[in-house]
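**Student:** Line by line, the protein sequences give chains A and B. Following our numbering, the numbering of the first sequence begins with 15 at its first residue and continues without gaps. Following our numbering, the numbering of the second sequence begins with -16 at its first residue and continues without gaps.
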Amino acid sequence: MLFLIIKRILLGFITLFIVSLITFVGTEILPGDACTTYLERQAFGEQLEACYRRLGLNVPAYERYVSWAVNAIQGDFGYSLSGEMPIKEVLGPRIKNSLVLASAAIFIGIPIALILGIVTALWRDKLPDVAISTVTIFAMTIPEFISATLLILIIAIWLEWLPGIVIVPTDVSFLELLPNIILPVIAIAMIMTAHMARMVRSSVIQVMASEYVQMAILKGVPYWKMVFKHVLPNALLPAINVVALTIAWLLGGVVVTEVVFNYPGLGRLVIESISNRDLPTVQALAIILASIYVSINLLADLMTLMLNPRLKTLQIRK
Amino acid sequence: MSDIIQKVKNLSIGFKSKKGEEILILKNISTKIKKGETVGIVGESGSGKSTLALAMMGYVKHGLYTIGGECEFNSSNLLNMKSKDLEKIRGRKIAMIPQNAGQALTPNLKIGYQIDEALQLHSDLSEKEREKKISELLNKVRLPSPETIALRYPHELSGGQQQRVAVAMALAGTPDLLLLDEPTTGLDVTTQAHVLELLNFIAKDTGTSMVYVSHDLGAIAQVSDRIIVMYSGEIVLEGPSRDILKRPIHPYTHGLLKSIPKLSLAGLPESMPGSQPQPGIIQSGCSFFDRCNFSEDKCKNTSPQLEFLKELNTSVRCFNYEKLLNESQVNQNVNKIKNNSNDKEILNLSEVSISYAKQKLLDQIFNRISDDNPTVQDININIKKGETIALVGESGSGKSTILKSIAGLLKTKDGLIRFDENRNLSSDLKERNPNDLRIIQLIFQNPDESLNPNHTVEEIIAQPLKLYFGLKGEELNKNIIDLLQKVRLGEFYMSRYPRQLSGGEKQRVAVARAFAAKPDIILCDEVTSALDVSVQAAVLNLLQQLKEDFGTTYIFVSHDLAVVRAISDRVAVLYQGRLCEVGPSNDVYKFPSHPYTEVLLGAVLEPDPDIKPKLVAEDIVEEKPPEKGCSFQGRCSRIVGDICKKDIPPWQLTDSGNAIRCHIPIKELQKEQL
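#1: Short of 6 Å in beta carbon distance, which residues of its chain neighbour A/Phe130, apart from the five on each side in sequence? Order them along the chain.
#2: If B/Ile50 and B/Ala36 are in contact, beta carbons under 8 Å, what's the gap, nearest whole angstrom?
#3: Within its chain, find whatever has a CB closer than 6 Å to the CB of B/Lys319; leave out the 5 residues flanking it on each side and keep chain order.
#4: So what's A/Leu197 in DSSP terms, helix, strand or just coil?
#5: Which residue spans inside the region 89 to 113 of chain B form an unbroken alpha helix (DSSP H) run of at least 4?
#6: Between the alpha carbons of A/Leu272 and A/Leu191, how many angstroms are there, rounded?
#7: Using a Cβ cut-off of 7 Å, which residues of the region 75 to 86 of chain B contact any Cβ in chain A, in chain order?
#8: How big is the Cα-Cα spacing for A/Gly234 and B/Gly46?
#9: So is B/Arg73 buried or exposed if we call it buried at 16+ other beta carbons inside 10 Å?
#10: Using a Cβ-Cβ cutoff of less than 8 Å, which residues in the same chain neighbour B/Lys306 once the five nearest sequence positions on both sides are dropped?
#11: For B/Phe475, which residues of its own chain have a beta-carbon under 7 Å away from its beta-carbon, when the five flanking residues on both sides are left out?
#12: Using beta carbons (cut-off 9 Å, strictly below), is B/Arg553 in contact with chain A?
#13: Could you tell me whether the Cβ atoms of A/Pro157 and A/Leu176 are closer together than 9 Å?
#14: So, helix, strand or coil for B/Arg401, using DSSP?
#15: Check each candidate in B/Cys269, B/Ile218, B/Leu598, B/Glu414 and name the one with the smallest Cα separation from B/Leu394.
#16: What number of angstroms, rounded off, separates the C-alpha of B/Glu488 from the C-alpha of A/Leu164?
#17: Between which two residues does the alpha helix (DSSP H) containing B/Ile676 stretch?
#18: Just the chain B side, please: which residues come within less than 8 Å of A/Ile231 by C-beta, in chain order?
#19: DSSP on B/Met39, reduced to helix/strand/coil?
#20: Give the single residue among B/Pro648, B/Asn91, B/Ser118 whose Cα lies nearest to the Cα of B/Asp99.
#21: Short of 8 Å in beta carbon distance, which residues of its chain neighbour B/Glu334, apart from the five on each side in sequence? Order them along the chain.
#22: In the DSSP output, what is B/Gln424 paired with across the bridge?
#23: Compare the C-beta of B/Ala149 with all C-beta atoms of chain A and state if any pair is closer than 9 Å.
#24: So with CB distances below 8 Å, who are the chain B contacts of A/Ser224?
#25: With distances taken Cα to Cα, identify the nearest neighbour of A/Thr207 among A/Ser81, A/Val256, A/Ser187.
#26: Between A/Gln329 and chain B, is any beta-carbon pair separated by less than 9 Å?
#27: Check for me: the alpha helix (DSSP H) holding A/Gln88 runs from which residue to which?
#28: Which bits of chain B does A/Asn255 rub up against, with CB to CB less than 9 Å?
#29: Kindly indicate if chain B contains any beta-carbon less than 9 Å away from that of A/Gln228.
#30: With distance defined between alpha-carbon atoms, name the residue in B/Phe402, B/Val206, B/Leu92, B/Gly26 nearest to B/Asp419.
#31: For a cutoff of 9 Å on Cβ pairs, would you count B/Asn91 as touching chain A?
#32: Do you know how far the Cα of B/Val554 is from the Cα of B/Phe574?
#33: Hey, how far is the Cα of B/Ala149 from the Cα of B/Ile80?
#34: Would you kindly report the start and end of the unbroken beta strand (DSSP E) that includes A/Arg68?
#35: Is the distance from the Cβ of B/Gly156 to the Cβ of B/His105 below 9 Å?
Below, the structure is given as structure tokens:
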């Protein structure tokens, strides 16, 4: 078991290393570099040389990669080009904002998704299922930029209940941020919840049709006890991985929603730094997003391993 | 009056087809189960026997519904009872032992909890008492060290142990009626015999009534007092067990009993034509009409009613049962198989061992397999051209593994597989040339999985013809039709898809595909196990006919020893991947000399109430072959001493050409037989 965890963590680091290499090589191959972008038409002669020296671009690429990597491991991603401030400081509040948005969506969305999924499965083909399933399919298919825009139109503009876009400084406190995130959270949660509810539904239906559930019924186990003891633990195991992917997706920035609501999160930072050709920031973002995906998936795998007795013993035996 | 425990009255269950028609799975079933009696319900898949058993618990599967009739238990109808009341009957008054305990035990709950759950629901015992009771129950079903078993998860037990847990779970509520749905199908022969013996013991010990549902007449014969034979959703014959098995007066049962291979008879039994109709197809007349030897015009138009014959205490649904009354016994005629093997050796396995061990990195680099205790070891078999050799043994005996290696699906670790004395086939698929691939073909157990559902029969059979012979156009077509006729399927099957065929027809297509490559050797992996009993004999007869026509060699793997007896010329008995005995099937079956062969053959269930299985050894399953000594030492009841644990036994030859691997001198082994 321990060996397995260590192996998985090592694999995670290898993945991150490869991601960092790819982004580094990618930014190297692209025509132009930070200095030519920054200096624009003055990018020649003495000024360009000075810029190269200042940014350390005059040393060979592999040396730059090594020094960048060593710093990145310590949490230092260098300087952002556009604002000339440490990337660490740019990222900090953005990560916090994205976390706030994601956790709000998770805490609201996942319980609702589980309940809807279970209800639709247990009342399969009956009225609650038909009604909820229609709504979830709808919520799944409407793209978020449309649902987000509609939300702004109805709740912010017509009803004037909540602010339509988020106009706050990046480093605003949590309480001030709260009313601003209600609409983005709804927009994100709609899609996520719908996806997950359908997943949970099919998983529960599959388990309900299994022989061991039939056996439990024939054993005289009361309905709800059967649902909680025999059905849900087995039906929700496969859901863990889907939930993990969703969380990673949320943390990685829901780009479209953040842009529509002007929300200062990671997703918008990605767009901004790409359009500003702020390559150091793009690199830093790539590494951070990759580590989020890797670590959350690792966590999910370990959780399934712990919860599924079948996998646990199989691993031990090996 | 109160000696009747369950009464089924005019029960019909069915479903609505896509067109909105009502299709019946059960047609107007009426029967009674008495207290303390064991009733066997026998029928092929699709005959409605499981649906009937479930209905006796007031359970109707999703998609089916009750069209009419009642299932009365303690004079209340289970089929319209509220689920609250049903919960009090299920598990407490009527309990179920499922077919596949491996899938019927909830995977995330410990064994102890699952039994405890039944106790909590159906008894007023305190926690301490329940704990004691769990141990008692596990003891009763003869599971070793109950305390540790209770803490295990279902997947940590073997198939036989899981089935015992299911029995313990059912007994927890001390039910008055036990329903058993194919409780031993899927278990090894030896395990099966042990579980049946346990069930018999419980029936006597507790006086519980049992309803035993199975397709296996052999198992039914061992347990039941009365037998109900179902066909196409109807009861066709019902009566005392002995009469039904010895003197079946319904043509279907008669034919069925004739078509089951027996251990005592070498040769292929007569086959029954056709297969059971799909539900909803037969609108009028007798549903057995097409396959019956006695059918007349009357049978086609009017459905016979179930008629009670008082003097025989038997009910029968047939107009012509009287014709069978005069036949005192089922006279089984067998077609003796012709042994047309010549002395030319076609395949030779010498000192073959095969390992499933995962290759370590170093081994991968040097392309070697290192495993001191491989799954299959030291296999020496000489296969002659035109013979049928069968590999038998319990699951885990390595019989399928050897087939895979011959086919090239699995690399051998050591040893040589030689074809035709000089061609080396020890390599796997990638290293074989197309002709090496052509000469060996496989027929798999389950045609549902081995035939591509998106290909027509024509495409399926055309593939080997195109691949190996490059046939095209008219010639290809001619060959396909020719092959279809060889397997007794008409030309019109060409455009059908596998899902439009019955199980037997699908397997015929698989046979045609194998023969399309004009192979020298065909590997048959449990080819009849997925088929219904009445279809099995027909496929076996077909295989035999084709072999005689083409001079093909068969390597036949089956867990069904009676089938092996019927078709094979020679038998190789395997235990834990090691050979125990090799010899002509006549000798092996008549005088099983090796202790394991004796165990194996003793456990076979025959559809005859007078032949009881002999249980010689325990049915413990070993996970790995022993490191040293005889492979069978763990279960052998005749261990001679330390030598069995230390040395691999030598080969001994009998006069008739049997080779036996045992430390006991051959004279002594044979003496025991007499």
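Note that the Cβ used here is the ideal one computed from N, Cα and C, for glycine as well. Bear in mind that the values here come from a model prediction, so they are computed numbers and not experimental data.
**Tutor:** Quick answer:
#1: On the first sequence, position 116 is the one that residue 130 of chain A refers to. The sequence shown places Leu at residue 130 of chain A, rather than the Phe named in the question. Cβ neighbours of A/Leu130 beyond the five flanking positions: Ile146, Ala211.
#2: Here residue 50 of chain B refers to the residue found at position 67 when the second sequence is read from its first residue. Here residue 36 of chain B refers to the residue found at position 53 when the second sequence is read from its first residue. No, B/Ile50 and B/Ala36 are not in contact; Cβ-Cβ is about 18 Å, not under 8 Å.
#3: To locate residue 319 of chain B, count along the second sequence from 1; it is residue 336. Counting only Cβ-Cβ distances below 6 Å, and skipping sequence neighbours, we find Gly250.
#4: Looking up residue 197 of chain A in the first sequence gives position 183. A/Leu197: helix per DSSP, three-state reduction.
#5: 94 to 105
#6: The residue you call residue 272 of chain A lines up with position 258 of the first sequence. The residue you call residue 191 of chain A lines up with position 177 of the first sequence. Just to set this straight, residue 272 of chain A is Glu in the shown sequence, not Leu. Roughly 14 Å separates the two Cα atoms.
#7: Arg75, Met79, Pro81, Asn83, Gln86
#8: As a position in the first sequence, residue 234 of chain A is number 220, starting the count at 1. As a position in the second sequence, residue 46 of chain B is number 63, starting the count at 1. Spanning the two alpha carbons is a distance of roughly 21 Å.
#9: Position 90 of the second sequence, counted from the first residue, corresponds to residue 73 of chain B. Counting Cβ neighbours within 10 Å, B/Arg73 comes out buried, since at least 16 surround it.
#10: Within the second sequence, numbered from 1, the residue matching residue 306 of chain B stands at position 323. Excluding sequence neighbours, B/Lys306 sits near Phe277.
#11: Here the question's residue 475 of chain B lines up with position 492 in the second sequence. None.
#12: Taking the first residue of the second sequence as position 1, residue 553 of chain B is located at position 570. For B/Arg553, the answer is no, since every Cβ of chain A falls outside 9 Å of its Cβ.
#13: Start at 1 with the first residue of the first sequence, and residue 157 of chain A comes out as number 143. Start at 1 with the first residue of the first sequence, and residue 176 of chain A comes out as number 162. No, the pair does not count as a contact, with Cβ atoms beyond the cut-off.
#14: Within the second sequence, numbered from 1, the residue matching residue 401 of chain B stands at position 418. Strand, per DSSP.
#15: By one-based count along the second sequence, residue 394 of chain B stands at place 411. The identity of residue 394 of chain B in the sequence shown is Lys, whereas the question assumes Leu. Out of B/Cys269, B/Ile218, B/Leu598, B/Glu414, B/Glu414 has the C-alpha closest to the C-alpha of B/Lys394.
#16: Taking the first residue of the second sequence as position 1, residue 488 of chain B is located at position 505. Taking the first residue of the first sequence as position 1, residue 164 of chain A is located at position 150. Near 59 Å, if we compare the C-alpha coordinates of A/Leu164 and B/Glu488.
#17: In this structure chain B extends from -16 to 657, so residue 676 of chain B is not present and cannot be described.
#18: Counting from one through the first sequence, the residue named residue 231 of chain A turns up at place 217. Simply Tyr42, Arg73.
#19: In the second sequence, the residue the question calls residue 39 of chain B occupies position 56. Three-state result, B/Met39: coil.
#20: Within the second sequence, residue 99 of chain B is the residue found at index 116, counting from 1. Considering only alpha carbons, the answer is B/Ser118.
#21: Counted from its first residue, the second sequence places residue 334 of chain B at position 351. Taken in chain order, the residues that qualify are Asp361, Ile362, Asn363, Asp397, Gly398, Leu399.
#22: Taking the first residue of the second sequence as 1, we reach residue 424 of chain B at position 441. Looking at the DSSP assignment, B/Gln424 forms a beta bridge with B/Ile505.
#23: Against the second sequence, residue 149 of chain B aligns to sequence position 166. For B/Ala149, the answer is yes, since a Cβ of chain A falls inside 9 Å of its Cβ.
#24: Sequence index remark: in the first sequence, residue 224 of chain A carries index 210 (1-based). Here the neighbours are Gln86.
#25: Counting from 1 along the first sequence, the entry for residue 207 of chain A is found at position 193. The residue with the shortest Cα to Cα distance from A/Thr207 is A/Val256.
#26: Within the first sequence, numbered from 1, the residue matching residue 329 of chain A stands at position 315. With a pLDDT of 43 at A/Gln329, under the threshold of 50, the predicted position of this residue should be treated as unreliable, and no value is reported.
#27: Locating residue 88 of chain A in the first sequence gives position 74, counting from the first residue. Neither: A/Gln88 is in no alpha helix (DSSP H) and is coded neither H nor E.
#28: If you number the first sequence from 1, residue 255 of chain A lands on position 241. Neighbours of A/Asn255 on chain B: none; closest Cβ ~17 Å, over 9 Å.
#29: As a position in the first sequence, residue 228 of chain A is number 214, starting the count at 1. Closer than 9 Å: yes.
#30: Walking along the second sequence from the start, residue 419 of chain B turns up at place 436. Checked all of B/Phe402, B/Val206, B/Leu92, B/Gly26; the closest Cα to B/Asp419 is B/Phe402.
#31: The residue you call residue 91 of chain B lines up with position 108 of the second sequence. Chain A contact via Cβ: present.
#32: As a position in the second sequence, residue 574 of chain B is number 591, starting the count at 1. As a position in the second sequence, residue 554 of chain B is number 571, starting the count at 1. B/Phe574 and B/Val554: Cα-Cα distance of roughly 13 Å.
#33: Here residue 149 of chain B refers to the residue found at position 166 when the second sequence is read from its first residue. Here residue 80 of chain B refers to the residue found at position 97 when the second sequence is read from its first residue. So the two alpha carbons sit approximately 6 Å from each other.
#34: Counted from its first residue, the first sequence places residue 68 of chain A at position 54. A/Arg68 -> not in any beta strand (DSSP E); alpha helix (DSSP H) instead, spanning 59 to 69.
#35: Translated into positions along the second sequence, residue 156 of chain B becomes position 173. Translated into positions along the second sequence, residue 105 of chain B becomes position 122. Yes; because the gap between Cβ atoms is below 9 Å, this pair is in contact.
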